[in-house]
Structure formats: structure tokens, C-alpha cells
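Asks:
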Amino acid sequence: MSVQVGKRYVCKKCGAEVIATRAGGGELVCCGETIEIKQPGIEISRQAQKSDNIGSILGKRYHCDACGMEVLCTKAGAGELRSCEKPMALQEPKPLPSSD
């Protein structure tokens, strides 16, 4: 399943949430499973919510070099975001121009 831009996705294992900002040809995976579009009633594992491991960081953007997919993390989770069978890279913020 390819992602749809603007949709919110959630991992049922670790509770990580992301918003797709750029579509790509790969499949978005977290905790070894394809993540799903967030809908009311999706149950998230309670054990995973208590984990101290941070795989995805709140407010950071991740991108896939292979397919160009880009997501914004809106809720941190312990799972690692993957696309095209590779970990998604943390996108560095662009420096703002000086206002001198």
C-alpha cells in the first residue's frame, strides 16, 4: 500500500504516528509491520507504549532515499520507520537565511 499525502498513519505496536508529506513508491513500515491510516478504534499495544526506546522522534521529518517518500513524526514511538526495506533517514532541517 503506498502512502497518501496528508493522511495520518499509526503503528499498532508502538503507537508512533506520522503524516505523509510526500508520496513515494515504497511501503511504510514500523515495528516490522505495515502501518495503517489512523482511524477511531485502532488498538495500540499497551506494553509497547511504555517502552523507553525512541525509534521515531516527535517533530522530525524522515525520508526514503530510494523512493522519495517523506513523513513528519507527530507522535514518537519505539519502532524504526522503514521504506523500500531500508531505514528512513532523518532529514536535516534547512537553515534559515540571516536577516541582517
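Going by the numbering used here, the sequence shown wraps up at 1583, each residue one higher than the last.
Note that beta-carbon positions come from the ideal geometry of N, C-alpha and C, so glycine has one too.
(1) Cα-Cα, which of Gly-1524, Gly-1562, Met-1571 is closest to Asp-1548?
(2) Checking the sheet assignment: what are the DSSP bridge partners for Thr-1517?
(3) Would you mind reading off the limits of the beta strand (DSSP E) that contains Cys-1556?
(4) Give the range of the beta strand (DSSP E) segment to which Ser-1582 is assigned.
(5) Got a sec, what are the start and stop residues for the beta strand (DSSP E) Ser-1566 sits in?
(6) Measure the Cβ-Cβ separation of Val-1488 and Cys-1556 and say whether it is below 8 angstroms.
(7) What whole-angstrom Cβ distance do Ser-1485 and Ala-1499 have, given they're in contact under 8 angstroms?
(8) For Leu-1541, tell me which candidate among Cys-1550, Gly-1551, Glu-1526, Gly-1560 has the shortest Cα-Cα distance.
Replies: In terms of the structure at hand:
(1) Met-1571
(2) Val-1512
(3) 1553 to 1558
(4) From DSSP, Ser-1582 is part of no beta strand (DSSP E); its letter is neither H nor E.
(5) 1564 to 1566
(6) no
(7) With a Cβ gap of about 19 angstroms, Ser-1485 and Ala-1499 do not count as contacting.
(8) Gly-1560
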